[in-house]
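Residue numbers (our numbering), protein chains in the order written: chain P, 1 to 369; chain Y, 1001 to 1321. Just so you know, even glycine gets a beta-carbon here, dropped at the ideal spot from N, CA and C.
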Amino acid sequence: MPTASQPNAFWLSKRRQAGARDALAFTVIMILSIMMIIPLAWMIAISLKEPQNVFQMPPWNVDWKWSNYSEAWYLQGKPQYLSLDGEATPAPAPAMAPGQGSAAAAGAPEAVSASPSGSAAPIATSAPAAPSDEKMSTMDIVVENLKRFIMGQDNKGSFWLYLWNTLFITAVNVVGVLSSSAVVAYAFARLRFPGRGWLFVLVLATMMVPGQVTMIPTFILFSKLGWTNTFLPLTLPAFFGGGAYNVFLLRQFFMSIPPDLDDAAKIDGCSTFGIFWRIMLPLTKPALITVAVFCVVYNWNDFMNPLIYLNDSHMFTLSLGLTQFRSLYGTQTHLMMAASTITLMPLMIIFLIGQRYFIQGIATTGLKG
Amino acid sequence: MAESVARRSGLTGLQKEALTGYLFISPWVLGFLFFMGGPIIFSLALSFAEWNGIGGLDSVRWVGLDNFRQMTVDHRFYTAVWNTFYFTSVSVPVGMVAGVLVALLMNQKFKSIAIFRTIFYLPSVMAGVASSILFYFIFHPSNGLLNFAINGFSHLLTSIFPALPSFQGPEWLGNPAWAKPAYIIMSLWGVGSGMIIYLAGLQGIPEQLYEAAEIDGANKFQQFLNVTLPMLSPVIFFNLILSVIGSFQVFTQAFILSGGNGAPADAALFYVLYVYQVAFQFHQFGYGSAMAWMLFIIIMVATLVQFKFSGWVYYEGELKK
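Listed below in structure tokens is the structure:
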């Protein structure tokens, strides 16, 4: 313990030493951080380049070709919208922010020459095919345009669809995991019932079994039920326990809450469910958010389960949509990078908003699974 | 509500509590029966059978130990096991050393340190199809970012020391010898997930231990060796076990980067990718189940071996006994 009686010079040198060490550490951290960021920066830079410039070095000469995004958004050409009098109009892609439309218009002539399946061809084919105005009401046209906006031209698919499917699956999983794992964890933490000990050991034991062991029978079960190509296999299991790791994590959290609180509530006439709902849940909010955030990340990135269960491209999640996109445009690097950025951006935003809970969640609840 | 039911049915308080307990855990019990216990028994049975998964359950043909015998003569199975061991035995130790070092750096008390922690953790959140596609282009032999850096470095070296031979970046994913190193490099991008766990461990080490070591005249390196490492060893051990299990199960990267078939020349045919191929592409559900069980056995043995040789782990609680 340093005291004021120590000589001044000693302090000075010590502080200088520490300062030099800090500066060195800071430099190393900076360099490593840049290395971590470079892949992402490269991805975004390529996604904004002209096709002929994608591998141009240095990579930071960006062409700001925002229309890559609207091109990547709809898998096989942007949709052609019907005007309200029933005629097809080559509308600028609706997925873009204002100001990007002009870039798309400027890029259009190139697209015609570059890809035969590009935006020019459908104008010619769909205009005669469009029904005359007396057959189509305004409502029909609005509905049809909305369908094209979401599904893309001729139902070829768009990232709206994949985004919606992914959001839906993720949201249902979060609800399922949170509700069921909290209830189960509460019972294991607080309620006394015969067999509680060995049942909890069973919960922990299931954490050891690799997912591949149960993958095949679960697939057979769901396909015999006729549930392949639905979201049920991807969402329903979340409501049945919510995963052993989450049960374990929340149980540890419930155990750390002093039991005097329950006793006080019980004396005041609170029911078991009331204690759980009014006292335990509010106190475990940080742990619940941690569970939710990890659940979001897991489902957003999950590839194998959607791959096994979903065949219809209208049911695809972002992960699957991206693989389909790759089989169509694998050589068009600028579009691939735009599509990858589209997939990663929401996750990145969720992470940056919830990052406090990631880092604190792991630090306070012990360790991740 | 539950109380009034209980009063009417004349249950004692303890009985009522037990009933509520069973009610509360019932979602897990059902989930265990349908998605865990049931499937485990079924897949164990399937691993002794042959079934294409298309016909009814009556087309299941019992073959005894044939599936396991087939593994011993299946050279792709050996390749998959070798690839997975290779990947695990390099990526896990390298990733752990990198994770501890980065965590030590991130344990500094700069004002802006939270930003850097976020930067390091961000890539491990994005482990999926999109980042695999990104790395497909990073490993591109002629235009990729990695070979751009390697060739640039070579150029720099030869321009300073003309005597040195110039070198070129390898073909990475196109060359069977360099495919697995590419996967290992990619796994290092996810160093943040380990870092965050080590960081939590580092912050749990009491400050007095360092103060005591300083009074005893230990320098920073000695403090690291004699205070930090032992105190961190339970966390390192925990992470070691999880990392080994995780890297035995690598799938998404391998599926995307190899085009789903383990290319080039099965150099990226990792275990779970092969299980996926056998079950869902070749429709050999029996053989696939047997391989899944073999993976379970491998993981169990690997975990037990790690526990057996865990003498290096220091548990502070043990001293007090």
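If you follow the alpha helix (DSSP H) that residue i is part of, which residue opens it and which one closes it?
| i | result |
| --- | --- |
| P/M215 | G211 to K224 |
| Y/Q1223 | K1220 to Q1223 |
| P/I308 | M304 to Y309 |
| P/C295 | K285 to N301 |
| P/G332 | It should be noted that the sequence gives Gln, not Gly, for residue 332 of chain P. No alpha helix (DSSP H) contains P/Q332, which DSSP labels as neither H nor E. |
| Y/N943 | Here chain Y comprises residues numbered 1001 to 1321, so residue 943 of chain Y is not present and cannot be evaluated. |
| Y/H1075 | H1075 to M1106 |
| P/A205 | R196 to T206 |
| P/W66 | That residue, P/W66, is in no alpha helix (DSSP H); it is neither H nor E in DSSP. |
| Y/Q1015 | G1013 to F1032 |
| P/A238 | Segment: none, P/A238 is in no alpha helix (DSSP H) and carries neither H nor E. |
| P/Q252 | A244 to M255 |
| Y/S1124 | I1113 to V1125 |
| P/M151 | T138 to M151 |
| Y/I1133 | V1129 to I1138 |
| Y/F1035 | Segment: none, Y/F1035 is in no alpha helix (DSSP H) and carries neither H nor E. |
| Y/N1239 | L1229 to F1248 |
| P/T170 | F159 to R190 |
| Y/Q1208 | E1207 to I1215 |
| P/A264 | D260 to I267 |
Is the separation between the beta-carbon of residue i and that of residue j shorter than 9 Å?
| i | j | result |
| --- | --- | --- |
| Y/K1180 | Y/A1268 | yes |
| P/Y186 | P/R251 | yes |
| Y/A1279 | P/F303 | no |
| P/F55 | P/T333 | yes |
| Y/V1102 | Y/V1191 | yes |
| Y/F1296 | Y/T1084 | no |
| Y/F1048 | Y/V1063 | yes |
| P/T235 | Y/M1036 | no |
| P/S256 | Y/G1031 | no |
| P/L40 | Y/L1257 | no |
| Y/F1167 | Y/S1187 | no |
| P/S313 | P/G157 | yes |
| P/Y245 | P/V293 | no |
| Y/V1272 | Y/A1254 | yes |
| P/V213 | Y/A1292 | yes |
| Y/I1025 | P/L288 | no |
| P/T341 | P/Y74 | no |
| Y/G1099 | Y/G1194 | yes |
| Y/F1116 | P/S47 | no |
| P/F254 | P/R190 | yes |
| P/G269 | P/A182 | no |
| Y/Q1108 | P/D63 | no |
| P/L335 | P/L320 | no |
| P/M215 | Y/T1303 | no |
| P/W42 | Y/I1185 | no |
| Y/N1067 | Y/Y1287 | yes |
| Y/G1260 | Y/Y1274 | no |
| Y/F1224 | Y/L1104 | yes |
| Y/A1018 | P/P194 | yes |
(request) Taking only beta carbons into account, state which residues of the segment 319-330 of chain P come closer than 7 Å to chain Y, listed in chain order. (result) S319, L322, T323 and R326
(message) Ignoring anything shorter than 4 residues, give me the alpha helix (DSSP H) runs that lie fully in the segment 1172-1205 of chain Y, in order along the chain.
(response) 1176-1188 and 1191-1203
(request) Would you list, in chain order, the members of the segment 193-209 of chain P that have their beta-carbon closer than 8 Å to a beta-carbon of chain Y? (result) F193, P194, R196, L199, L202, V203, T206, M208 and V209
(message) To be precise: take each residue of the segment 1037-1056 of chain Y, compare its Cβ to all Cβ atoms of chain P, and keep it if any distance is under 8 Å. Which residues remain?
(response) G1038, P1039, I1040, F1042, S1043, L1046 and G1053
(message) Any C-beta of chain Y within less than 7 Å: which residues of the segment 223-241 of chain P qualify?
(response) P237, F239, F240 and G241
(request) Inspect the CB distances between the segment 1307-1316 of chain Y and the segment 1224-1238 of chain Y and report whether three or more fall short of 8 Å. (result) yes
(request) Note down, in chain order, all residues in the segment 43-56 of chain P with a beta-carbon under 9 Å from any beta-carbon belonging to chain Y. (result) M43, I46, V54 and F55
(message) Along the segment 1059-1074 of chain Y, where does the CB come closer than 9 Å to a CB of chain P? Name the residues.
(response) none
(request) Quick one: which residues of the segment 1284-1299 of chain Y get their C-beta closer than 7 Å to a C-beta of chain P? List them in chain order. (result) F1285, G1288, S1289, A1292, W1293, L1295, F1296 and I1299
(message) Going residue by residue through the segment 1254-1319 of chain Y, where are the continuous alpha helix (DSSP H) segments of at least 4 residues, counting only ones entirely within it?
(response) 1271-1276, 1285-1308 and 1316-1319
(request) Please name the residues in the segment 278-307 of chain P whose beta-carbon is closer than 9 Å to at least one beta-carbon of chain Y, in chain order. (result) V297, W300, N301, D302, F303, M304 and L307
(message) When you compare the segment 153-173 of chain P with the segment 307-327 of chain P, are there three or more beta-carbon pairs, one atom per stretch, that lie closer than 8 Å?
(response) yes
(request) Could you say if the segment 1111-1125 of chain Y and the segment 342-357 of chain P meet the contact criterion of at least three C-beta pairs nearer than 8 Å? (result) yes
(message) Assess contact between the segment 1241-1253 of chain Y and the segment 1087-1097 of chain Y, defined as three or more Cβ pairs (one per stretch) separated by less than 8 Å. Is contact present?
(response) yes
(request) Could you name the residues of the segment 1247-1260 of chain Y whose beta carbon sits closer than 8 Å to any beta carbon of chain P, in the order they occur along the chain? (result) F1248, Q1249, F1251, T1252, F1255 and I1256
(request) Below 7 Å between beta carbons is the criterion; list the residues of the segment 1105-1118 of chain Y that meet it against any residue of chain P, in chain order. (result) L1105, Q1108, F1110, F1116, R1117 and T1118
(request) Could you run through the segment 1170-1195 of chain Y and flag, in chain order, every residue whose CB is less than 9 Å away from some CB of chain P? (result) W1189, V1191, G1192 and S1193
(message) Give me the subset of the segment 342-359 of chain P whose CB atoms are less than 8 Å from a CB atom of chain Y, sorted by chain position.
(response) T343, L344, L347, M348, F351, L352, Q355, F358 and I359
(request) Anything in the segment 252-272 of chain P with a Cβ closer than 7 Å to a Cβ of chain Y? List those residues in chain order, please. (result) S271 and T272
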